[in-house]
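Counting in numbering that gives the first Met the number 0, the final residue of the sequence shown is number 119, and the numbers go up one at a time with none missing.
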Amino acid sequence: MSGRTDSPLRPGVGRREVWSWAMYDFANSGYTTVVLTTVFNAYFVGVVAAGKSWGTLALTMALSLSYLVVMLWMPGLGARADARAGHRRLLFLSTTGCVLATATLASVGPGDIAWGLLCL
0 MSGRTDSPLR PGVGRREVWS WAMYDFANSG YTTVVLTTVF NAYFVGVVAA
50 GKSWGTLALT MALSLSYLVV MLWMPGLGAR ADARAGHRRL LFLSTTGCVL
100 ATATLASVGP GDIAWGLLCL
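Quick look at the structure:
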């Protein structure tokens with residue numbers, strides 16, 4: 000078998016690159032599931048909002064707003080990265096931003112409702 004040409008990948012894209020992107024996406028999905036959906040959710044509602052009846056609603060609204068921002072901005076950022084071959088830069092910046100934002104969640108304490116929602 001020489002020079003197989005029925006690959007679903009675009010020319011110049013290797014399996015290692017696809018594997019790397021897939022593993023990054025897998026790790027990022029795990030972060031969202033564990034940190035935002037489970038850990039910070041329980042901490043925010045039980046400790047930060049001190050069990051207030053509207054704590055869950057406030058957290059849900061903040062998450063919904065952040066998802067809306069991502070939904071509106073990411074297609075444009077992705078297209079820009081595609082046009083300028085800036086995938087690595089976008090990946091680096093988004094990873095750095097995610098790490099810094101997650102680190103700020105550690106500074107949220109009891110009663111810091113507005114700060115907690117902003118950090119989220």
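In this text, a Cβ means the ideal position worked out from N, Cα and C, and glycines have one as well.
Does the stretch 76-85 come into contact with the stretch 3-16, if we say contact requires no fewer than three beta-carbon pairs (one atom in each stretch) closer than 8 Å? Output reads no: the stretch 3-16 does not touch the stretch 76-85.
Given a cut-off of 9 Å, decide if ALA48 and ALA57 are closer than it, judged by their beta-carbon atoms. Yes; because the gap between Cβ atoms is below 9 Å, this pair is in contact.
Using C-beta distances below 6 Å, list every residue in its chain close to SER106, excluding the 5 sequence neighbours before and after it, in chain order. In its own chain, leaving out the 5 sequence neighbours on each side, no residue places its CB closer than 6 Å to the CB of SER106.
For TYR30, which residues in the same chain have their Cβ closer than 8 Å to its Cβ, ignoring the five residues on either side in sequence? Once the five neighbours on either side are set aside, the close Cβ partners of TYR30 are CYS97, THR101.
What is the DSSP secondary structure of ASP24, reduced to helix, strand or coil? When secondary structure is reduced to three states using DSSP, ASP24 falls in the helix class.
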